[in-house]
Amino acid sequence: MTDSWRGYELLGGHLALDLVNTVSWRLDPAKTFDRLDAPDFLALWLARTGLVPGDPLTDAADVIDPLKELRETVYRLLVATDQADVISFGERLAAARGLAVAEATLPLQWTVPITRIADVIPALTLTADDLLRYPDAALVRQCLGPGCGWLFLDRTRNHSRQWCSSQDCGNRERARRHYRRSREQQPAD
Ligand SMILES: [Zn+2]
Numbered sequence: 008m009t010d011s012w013r014g015y016e017l018l019g020g021h022l023a024l025d026l027v028n029t030v031s032w033r034l035d036p037a038k039t040f041d042r043l044d045a046p047d048f049l050a051l052w053l054a055r056t057g058l059v060p061g062d063p064l065t066d067a068a069d070v071i072d073p074l075k076e077l078r079e080t081v082y083r084l085l086v087a088t089d090q091a092d093v094i095s096f097g098e099r100l101a102a103a104r105g106l107a108v109a110e111a112t113l114p115l116q117w118t119v120p121i122t123r124i125a126d127v128i129p130a131l132t133l134t135a136d137d138l139l140r141y142p143d144a145a146l147v148r149q150c151l152g153p154g155c156g157w158l159f160l161d162r163t164r165n166h167s168r169q170w171c172s173s174q175d176c177g178n179r180e181r182a183r184r185h186y187r188r189s190r191e192q193q194p195a196d
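Below, the structure is given as structure tokens:
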């Protein structure tokens, strides 16, 4: 584990959500930080998500800005869909489809083969499209932890998942409630 990975988990339930979650504390401007700004993070992320098998690509820094743009478009589409973002995503998608290939097996699985770092953008665009186009998009929730902002797919039977991680934001909230309760129970002087 390197430092740039600390506190990050692949817990979105979909690669597009794990991409969105590369921003930590998105809803708390005083604490927000973007892991894509860490020099080694993207290469590590691509290797650990299996998007780029084998050796990490060394020139990952070249795609940071376009990747951030894609990530923020996907985030906005998931939390507050807006026509301008739909159009912008549609343009990215058309470009990605132009590069996509599929094996001659049904159902066709269109993917962008990654032979150079720039291919990561269209590949992730198709991945995001897989989430945005299907009913799973309705299962996307934003963690209720104050300031957290991480997104995840709520696959619980009664759609009751509230936290990105019960050990992390869930624990913090339990501690907060416990603290409040214990203060309320203290006898007044
Ligand atoms: Zn959280």
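In my numbering, each residue carries its 1-based index in the sequence shown increased by 7. Here a beta-carbon is modelled for each residue, glycine too, at the ideal position from N, C-alpha and C.
Item	Value
Near D41, what residues of its chain come up, given a Cβ to Cβ distance below 6 Å and the 5 sequence neighbours on each side ignored?	V30
DSSP three-state label for T56, please.	coil
Using 8 Å as the Cβ pair cut-off and three pairs as the minimum, do the segment 118–130 and the segment 153–168 touch?	no
Do you know offhand how far K38's Cα is from G154's?	8 Å
Taking the alpha carbon of D35 as the point to measure from, which residue in C150, Q193, Y186 has its own alpha carbon closest?	C150
Which same chain residues, not among the five before or five after S172, have their C-beta less than 7 Å away from its C-beta?	E16, L18
In chain order, what residues of the same chain lie with their CB nearer than 7 Å to the CB of R83, ignoring the 5 residues before and after it?	D89, D92
Quick check on DSSP: helix, strand or coil for V30?	strand
V86 to R123, Cα distance in whole Å?	31 Å
Using the C-alpha atoms, what's the distance from P60 back to Y28?	The question names Tyr, but residue 28 in the sequence shown is Asn. So the two alpha carbons sit approximately 21 Å from each other.
Does the contact criterion of 3 or more C-beta pairs under 8 Å hold for the segment 64–77 versus the segment 42–52?	yes
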